Amino acid sequence: MQREQLLDYMASDIYSPLTAQELCEVFDVERASEFRDFLKLLNEMEDNGDIMRTKNNRYALPEQMNLIVGRLQMKARGFGFVIPEQESETDIYIPATELNGAMSGDKVLARVRDTRGKTGAHREGVIVKVVDRAHERIVGKIALYASHAFVTPLDKRFADDIFVPKEDVHGAHDGYVVVVELTSYPSATHGPVGRVVEVLGHPDEPGVDILSVIRKYGLPEQFPEQVLRAAEEIPIEIDPAEIAKRRDLRDEVIVTIDGDDAKDLDDAVHVKVLANGHYELGVHIADVGYYVKEGSAIDKEAFRRGTSVYLVDRVIPMLPQRLSNNICSLNPQVDRLTMSCVMEIDGQGRIVHHDIFPSVIRTAARMTYNNVRRILVERDPELRRKYEALVPMFELMEQLALILREKRMRRGAVDFDFDEIYVKVNDLGEPVDIVPRQRSIAERLIEEFMLAANETVAEHFHWMGVPFVYRIHEEPDAAKMLDLNAFLHNFGYHLKGAGGSKVHPRALQEVLSEVEGTREARMISTVMLRSMQQAKYLPECTGHFGLAAEYYTHFTSPIRRYPDLTIHRIMREVLSGGLSPEREETLREFVAEASRQSSERERIAQDAEREVDQLKMVEYMQAHIDEEFDGIITSATQFGLFVQLDNGVEGLIHISALDDDYYVLNERQMALIGERTRRVFRIGDPVRVVVARASKEELRIDFGLVAHLREATFVGGEGGDAIIYDEDLSPKERRESIRRRESMSGEKGRGQRDRGMGGRNRRDKLSGRTVRGGTDRAGRRRDAVPSADHEDPIIDVRHAASPPDMPYDEWDAEFPDARALREAEGSRGKRQRQSAADRFAKWDRETGGGDGHRRGERRTGGYRTW
Numbered sequence: 069m070q071r072e073q074l075l076d077y078m079a080s081d082i083y084s085p086l087t088a089q090e091l092c093e094v095f096d097v098e099r100a101s102e103f104r105d106f107l108k109l110l111n112e113m114e115d116n117g118d119i120m121r122t123k124n125n126r127y128a129l130p131e132q133m134n135l136i137v138g139r140l141q142m143k144a145r146g147f148g149f150v151i152p153e154q155e156s157e158t159d160i161y162i163p164a165t166e167l168n169g170a171m172s173g174d175k176v177l178a179r180v181r182d183t184r185g186k187t188g189a190h191r192e193g194v195i196v197k198v199v200d201r202a203h204e205r206i207v208g209k210i211a212l213y214a215s216h217a218f219v220t221p222l223d224k225r226f227a228d229d230i231f232v233p234k235e236d237v238h239g240a241h242d243g244y245v246v247v248v249e250l251t252s253y254p255s256a257t258h259g260p261v262g263r264v265v266e267v268l269g270h271p272d273e274p275g276v277d278i279l280s281v282i283r284k285y286g287l288p289e290q291f292p293e294q295v296l297r298a299a300e301e302i303p304i305e306i307d308p309a310e311i312a313k314r315r316d317l318r319d320e321v322i323v324t325i326d327g328d329d330a331k332d333l334d335d336a337v338h339v340k341v342l343a344n345g346h347y348e349l350g351v352h353i354a355d356v357g358y359y360v361k362e363g364s365a366i367d368k369e370a371f372r373r374g375t376s377v378y379l380v381d382r383v384i385p386m387l388p389q390r391l392s393n394n395i396c397s398l399n400p401q402v403d404r405l406t407m408s409c410v411m412e413i414d415g416q417g418r419i420v421h422h423d424i425f426p427s428v429i430r431t432a433a434r435m436t437y438n439n440v441r442r443i444l445v446e447r448d449p450e451l452r453r454k455y456e457a458l459v460p461m462f463e464l465m466e467q468l469a470l471i472l473r474e475k476r477m478r479r480g481a482v483d484f485d486f487d488e489i490y491v492k493v494n495d496l497g498e499p500v501d502i503v504p505r506q507r508s509i510a511e512r513l514i515e516e517f518m519l520a521a522n523e524t525v526a527e528h529f530h531w532m533g534v535p536f537v538y539r540i541h542e543e544p545d546a547a548k549m550l551d552l553n554a555f556l557h558n559f560g561y562h563l564k565g566a567g568g569s570k571v572h573p574r575a576l577q578e579v580l581s582e583v584e585g586t587r588e589a590r591m592i593s594t595v596m597l598r599s600m601q602q603a604k605y606l607p608e609c610t611g612h613f614g615l616a617a618e619y620y621t622h623f624t625s626p627i628r629r630y631p632d633l634t635i636h637r638i639m640r641e642v643l644s645g646g647l648s649p650e651r652e653e654t655l656r657e658f659v660a661e662a663s664r665q666s667s668e669r670e671r672i673a674q675d676a677e678r679e680v681d682q683l684k685m686v687e688y689m690q691a692h693i694d695e696e697f698d699g700i701i702t703s704a705t706q707f708g709l710f711v712q713l714d715n716g717v718e719g720l721i722h723i724s725a726l727d728d729d730y731y732v733l734n735e736r737q738m739a740l741i742g743e744r745t746r747r748v749f750r751i752g753d754p755v756r757v758v759v760a761r762a763s764k765e766e767l768r769i770d771f772g773l774v775a776h777l778r779e780a781t782f783v784g785g786e787g788g789d790a791i792i793y794d795e796d797l798s799p800k801e802r803r804e805s806i807r808r809r810e811s812m813s814g815e816k817g818r819g820q821r822d823r824g825m826g827g828r829n830r831r832d833k834l835s836g837r838t839v840r841g842g843t844d845r846a847g848r849r850r851d852a853v854p855s856a857d858h859e860d861p862i863i864d865v866r867h868a869a870s871p872p873d874m875p876y877d878e879w880d881a882e883f884p885d886a887r888a889l890r891e892a893e894g895s896r897g898k899r900q901r902q903s904a905a906d907r908f909a910k911w912d913r914e915t916g917g918g919d920g921h922r923r924g925e926r927r928t929g930g931y932r933t934w
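Residues 69 to 934 in our numbering are what the sequence shown spells out, letter by letter.
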């Protein structure tokens with residue numbers, strides 16, 4: 069009996085819930101041994117959440133019982149969302165009172181109880197069952213009491229403190245960071261209980277911060293003894309018999325090009341011109357699969373890790389260092405076993421012929437990105453003399469890389485040219501500088517060569533029809549493309565195909581090319597990137613949207629990525645004689661599991677790397693409190709503005725710090741707009757900020773606004789005409805715009821604003837909360853203490869009365885504003901662009917003049933107006 073057979077039968081239209089005995093009759097299970105195996109299969113599938121058993125002991129699929137399987141993603145304020153395993157399903161909001169003992173990351177069964185919104189996209193539910201616990205251990209800070217202790221998790225997504233009996237404290241001091249193992253999970257009647265299994269130290273001790281992140285994400289620092297012993301048994305010298313089986317490329321001029329501090333050199337390249345004028349590009353990758361046999365102790369540990377993790381002060385490798393830094397690393401002037409992909413490329417970048425084969429190479433030099441850049445760009449005379457024999461090949465590499473890039477851009481690949489941020493730390497792990505790591509021609513040429521090899525290998529083995537692991541990037545969600553297009557309309561741009569069935573990546577790149585060099589370029593690139601899907605691994609080749617590639621895999625980094633290691637072994641096996649039907653079936657099951665595991669471990673590694681970077685950025689800014697920096701607004705939310713500094717550090721200007729007006733989020737414009745002044749803070753605007761606070765515990769940096777360097781006014785309407793920037797006005801118009809905002813932000817305007825809308829104090833009372841920041845009715849300033857949680861906005865009671873998670877467009881559609889309907893009915897044909905003076909005049913007419921005396925009587929701001 070196969071699991072798939074049972075699932076297919078239960079998913080059929082003729083199926084109704086059956087008991088175990090009835091299912092046995094359907095599948096002709098007669099013998100006692102078969103019956104035991106069948107019951108075992110049912111129990112396993114029930115435990116995994118694949119099927120559910122009713123009170124009458126009948127089995128059915130979860131969806132047939134209005135249940136959805138997914139992962140619970142908690143938020144810091146106590147509620148959560150179930151992310152369904154079926155990607156077509158929308159997320160389910162879970163209130164804090166309906167968790168039923170589930171914790172963040174758990175695999176759960178949820179029942180939908182309420183559906184809201186015009187399309188039913190907003191669902192609320194309750195956790196019915198925890199299928200699989202995601203966490204056995206949690207990192208937190210311990211607080212000691214007379215007869216017990218409590219551990220407060222460092223991860224704010226875990227809302228409950230963990231009770232620890234006195235005998236299980238195990239010598240931890242008050243306030244120390246510890247690792248606690250859960251002995252009892254939370255339920256409806258009690259919280260979690262655990263015991264301390266590791267004391268990491270005081271939070272301010274060097275290294276404890278990064279160690280906490282490592283423990284939090286369960287990153288394995290040490291290799292098991294059996295893995296280290298297995299690595300030691302691998303000989304450094306290559307067997308001559310193995311060399312004889314491979315193509316010998318030791319006489320070819322081949323080099324590695326990597327970062328200055330790289331030790332795991334797993335790719336090498338060569339370029340030369342053939343007699344017919346075509347280029348020959350050779351990409352040679354360390355043959356790790358030859359040393360790491362399938363099913364070995366090293367292989368099982370590599371599968372568990374999935375990828376190497378690169379933190380600011382250390383690397384947590386996928387393979388033991390004897391392999392990653394020595395035996396497999398393509399160090400200069402030593403023989404190494406490789407898998408080679410040699411391509412013949414014409415002047416248009418087309419690969420007219422290729423060959424993939426096992427090889428042995430000996431690299432001529434270990435080059436760095438900096439040295440290659442200095443040779444090609446700066447033409448450093450000393451380096452050009454030192455590497456005189458290699459300089460012609462580097463120049464050929466530059467030519468070929470530009471040809472390949474031009475070809476890739478012609479077919480529509482999307483190129484986000486964001487600088488990578490690098491945090492420099494000293495020997496104690498303390499940050500000393502934060503610098504952008506820019507991509508030079510050296511990084512770009514290696515990138516182009518690796519892309520070419522990955523595509524060639526993927527296409528070759530796709531047409532062979534063998535089991536494989538592909539790197540796929542799905543097409544963006546159509547709704548997100550519509551939202552992106554609406555956002556682009558604000559600046560006069562259009563995304564081709566956004567209203568149709570799908571968007572071609574070329575359309576996105578055309579927008580990026582069109583906005584290049586403009587003031588909104590960075591903002592549009594960021595919003596576009598957020599609108600796209602996340603790449604992942606699959607056993608099916610469905611294409612890579614961002615690269616506009618029909619075939620793509622990861623072939624070039626087997627030392628640090630498990631999918632690359634997997635396909636290396638498959639490639640050698642296929643090239644050496646093919647696969648039997650039984651072997652092919654085994655590999656198909658394995659690549660499916662390897663794809664799932666590798667995608668999951670990749671996300672965990674990325675989260676850990678980002679958190680460590682953020683941790684060190686916060687620590688770096690702690691030494692710069694009260695200093696001023698220039699930055700760009702990267703996000704506008706209900707609770708404030710996120711600002712990224714020139715050095716890559718991102719922090720929050722809380723909305724309570726914007727006390728000259730009451731600001732409301734305009735989702736279409738992606739901006740905060742003052743209700744009375746119509747002052748605009750928009751994504752992409754330059755600002756100058758002062759560092760007010762930096763907390764490592766909260767991973768948060770708070771900024772205060774010093775100056776808004778691109779002032780603008782919201783004058784109503786849609787698209788580019790809705791916002792007028794002062795810098796686009798004539799001197800006279802600019803002075804008038806500034807006068808209007810200043811007159812509306814005075815004390816008289818504030819008092820009228822409070823009276824006109826019932827006052828901010830009244831809103832605070834109605835919402836049952838005290839909101840800090842701003843001014844009271846007497847004009848006195850409240851204590852401007854921002855919320856401790858970025859996800860805890862100060863919400864106007866008018867907005868809180870509506871569904872808080874209902875998107876703006878659906879709220880407008882279900883509760884249209886009568887005035888907006890009249891305006892829509894009266895406007896036919898194409899809207900003509902008005903001058904700045906005409907738009908200001910229209911604003912004055914709608915708001916009752918320019919003196920600010922009647923504006924408090926008109927309903928402004930909020931979803932109903934925009």
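Ideal Cβ placement from N, Cα and C applies to all residues, glycine included. The structure presented is a predicted model; accordingly, all values stated were derived computationally and were not measured.
Asked	Found
Considering only their Cβ atoms, is the gap separating A178 from I151 smaller than 7 Å?	no
Taking the continuous alpha helix (DSSP H) assigned at P426, which residues delimit it?	That residue, P426, is in no alpha helix (DSSP H); its beta strand (DSSP E) goes 419-430.
Pull up the DSSP beta-bridge partners for Q712, would you.	I700, E718
Can you tell me the Cα-Cα spacing of I304 and S408, whole angstroms?	21 Å
Determine the direct distance from the alpha carbon of L733 to that of V571, and round the result to whole angstroms.	28 Å
Please list the segments of the beta strand (DSSP E) lying wholly inside the region 300-344, counting only runs of 3 or more residues, in order along the chain.	323-326, 335-341
To which residues of the same chain is G836 closer than 6 Å at the C-beta, ignoring the five residues directly before and after it?	Reliability of the predicted coordinates at G836 is poor, the pLDDT of 35 falling under 50, and the value obtained from them is presented with this limitation in mind. Cβ within range, chain order: n/a, list empty.
Starting from the C-beta of S427, find all residues in its chain whose C-beta is less than 6 Å away, skip the five residues before and the five after it, and write them out in chain order.	R314, R315, L317, T406, S408
Please classify F484 as buried or exposed, where buried requires at least 16 neighbouring CB atoms within 10 angstroms.	exposed
Out of curiosity, what's the CA-to-CA distance linking R803 and Y731?	23 Å
Could you have a look at Q73 and say whether DSSP puts it in helix, strand or coil?	helix
Taking the CB atoms as reference points, tell me whether I230 and G275 lie closer together than 7 Å.	no
In the DSSP assignment, find the beta strand (DSSP E) that holds H572 and state where it starts and stops.	Premise fails: H572 is in no beta strand (DSSP E) and is neither H nor E.
For P85, count neighbouring Cβ atoms within 10 angstroms of its own Cβ and tell me buried if that reaches 16, exposed if not.	buried
Provide the residue span of the beta strand (DSSP E) that contains H216, from first to last.	216-221
For the putative contact between V686 and L767, defined by C-beta atoms under 8 Å, what is the C-beta separation to the nearest angstrom?	6 Å
Taking the CB atoms as reference points, tell me whether G742 and D753 lie closer together than 7 Å.	no
Does DSSP put A869 in a helix, in a strand, or in coil?	With a pLDDT of only 30 at A869, under the threshold of 50, the placement of this residue in the model should not be trusted; the figure read from the coordinates follows. If DSSP states are grouped into helix, strand and coil, A869 belongs with coil.
In chain order, what residues of the same chain have a beta carbon less than 8 Å from the beta carbon of V534, not counting five sequence neighbours either side?	I638, V642, L647, E652, L655
Can you tell me the Cα-Cα spacing of D334 and R671, whole angstroms?	22 Å
Using only the alpha-carbon positions, how far apart do Q70 and E98 sit?	16 Å
Give the straight-line distance between the Cα atoms of H216 and K234, rounded to the nearest whole angstrom.	4 Å
Rounded to whole angstroms, what's the CA-CA distance from L773 to G286? Just pull it up for me.	39 Å
With distances taken between CB atoms, is the gap from V759 to F782 smaller than 7 Å?	no
Between E72, S101, G327, which lies nearest to M113 when the distance is taken from Cα to Cα?	E72
Could you say which of D545, G560, P292, S581 lies nearest to A566 if we only look at CA atoms?	D545
Nearest to T624 by CA position, among A432, V383, E677, L398, is which residue?	L398
Could you name the residues of the same chain whose beta carbon sits closer than 7 Å to that of G146, not counting the 5 residues immediately before and after it, in chain order?	A164, A227
Would you call L797 buried or exposed, if buried means 16 or more other Cβ atoms sit within 10 Å of its Cβ?	buried
Any contact of the region 474-483 with the region 491-499, i.e. 3+ C-beta pairs under 8 Å?	no
Considering K143, what are the terminal residues of the beta strand (DSSP E) in which it resides?	Per DSSP, K143 belongs to no beta strand (DSSP E) and is neither H nor E.
Kindly examine the ligand HEM and report whether one of its heavy atoms sits closer than 6 Å to the Cβ of G417.	As presented, the structure is devoid of all ligands, the ligand HEM included, so that no description of it is given.
Counting pairs of Cβ atoms below 8 Å between the region 339-351 and the region 411-426, do you hit three or more?	yes
According to DSSP, is C409 helix, strand or coil?	strand
Confirm, please, whether the CB-CB distance from L633 to Y538 is below 7 Å.	no
May I ask you to report which of helix, strand or coil DSSP gives S805?	helix
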